[in-house]
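Position 216 (the sequence shown) corresponds to 234 in our numbering; numbering is contiguous.
Where a beta carbon is used, it is the ideal one built from N, C-alpha and C, also for glycine.
Please read these numbers as outputs of a predicted model, since none were measured by experiment.
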Amino acid sequence: MAYRHFFFDLDGTLLDTIVDIANAISDALAKRGFQRRYDRESAKALIGNGADALLHRALIGFREDPQEFEALKKEYLPLYKAYQGRDCDTFPGLPETLLELAQKGVDFSIVTNKPDELSKIIISKKLPQIPFRFILGHIEGNPVKPNPYLVEKILKETGWKKEECLFIGDSYVDLETGKNAGLKSALCTWGYDLHYDDLKKVADHILNQPRDLLDLI
């Protein structure tokens, strides 16, 4: 199968952002009086399904009522924005591979549960040389992945054939998003998910390094 259009997840797929996320949620919890700090490894358990899900997971064992959730969210989102790109970078070999794919005529889009504004900011900082056709993140009130809402929005606008499209990510949420949109999916094993052995059984393609993408066009 030769693909011409790649849909990418962002965190854990294109950018190694986990330390920024860990610091933002740790500092937000501290502002609410909760003494729990996350590091690179422990923060992985928080990732997936968007910021609201992350906050609910971070509150487990503390006050988990709606008022506390809203208060923590009010602290977290400004920190999350302020920390964007502070301790983050692309995964090794990825920018070079994307440029090579672009030269071969492949289209790139980003579909992420990261807030839309922040997604565009961080990509402009870290991957400004990559010609992404679409960078779409979460906007309050819209569905989050694995709902295929954003993928379907792009497909409707472009008219791309689904058999020429591939959804690429590092998590179960990403594989489900591709499936729900009627696309094949590829699992990249350099990201954050804690269950790669299980995910490999359901992914259509396995990517162990960015250059494996070249085998799919």
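Which residues bound the beta strand (DSSP E) around residue i?
i	result
residue 132	125 to 133
residue 87	From DSSP, residue 87 is part of no beta strand (DSSP E) but of the alpha helix (DSSP H) over 84 to 100.
Could you name the residues that DSSP lists as bridge partners for residue i?
i	result
residue 34	107
residue 202	184
residue 225	206
residue 153	128
residue 24	126 and 184
residue 29	33
If you draw a straight line from the alpha carbon of residue i to that of residue j, how long is it in whole angstroms?
i	j	result
residue 198	residue 46	34 Å
residue 168	residue 154	7 Å
residue 157	residue 94	16 Å
residue 204	residue 220	10 Å
residue 99	residue 188	23 Å
residue 184	residue 196	8 Å
residue 89	residue 33	28 Å
residue 54	residue 86	15 Å
residue 175	residue 62	34 Å
residue 114	residue 146	12 Å
residue 202	residue 218	13 Å
residue 42	residue 161	24 Å
Whose C-beta lies closer than 7 Å to the C-beta of residue i among residues of the same chain, with five residues either side of it excluded?
i	result
residue 58	36, 37 and 40
residue 66	189 and 191
residue 230	none
residue 91	73
Considering only residues of the same chain and omitting the five flanking positions on each side of residue i, which have a CB-CB separation below 6 Å?
i	result
residue 152	127 and 172
residue 192	27
residue 225	204 and 206
residue 133	155 and 156
residue 129	25, 154, 168 and 169
For residue i, report the span of its alpha helix (DSSP H) as first-last.
i	result
residue 213	No alpha helix (DSSP H) holds residue 213; DSSP gives it neither H nor E.
residue 75	69 to 76
residue 167	167 to 176
residue 114	112 to 121
If you drop the 5 nearest sequence neighbours on each side, which residues of the same chain put their C-beta closer than 8 Å to that of residue i?
i	result
residue 124	21, 22, 23, 24 and 235
residue 74	82 and 87
residue 44	54, 55 and 56
residue 107	33, 34 and 144
residue 214	205 and 207
residue 227	111 and 208
task: Check whether the segment 95 to 110 touches the segment 125 to 142, taking contact to mean three or more Cβ pairs, one atom from each stretch, closer than 8 Å.
output: They touch, by the three-pair rule.
task: Indicate whether the contact test is met: 3 or more Cβ pairs, each with one atom in the segment 210 to 218 and one in the segment 175 to 182, closer than 8 Å.
output: Using a C-beta cut-off of 8 Å, the segment 210 to 218 makes no contact with the segment 175 to 182, since fewer than three inter-stretch Cβ pairs fall below that distance.
query: Per the contact definition of three or more C-beta pairs closer than 8 Å, is the segment 108 to 127 in contact with the segment 67 to 74?
result: no
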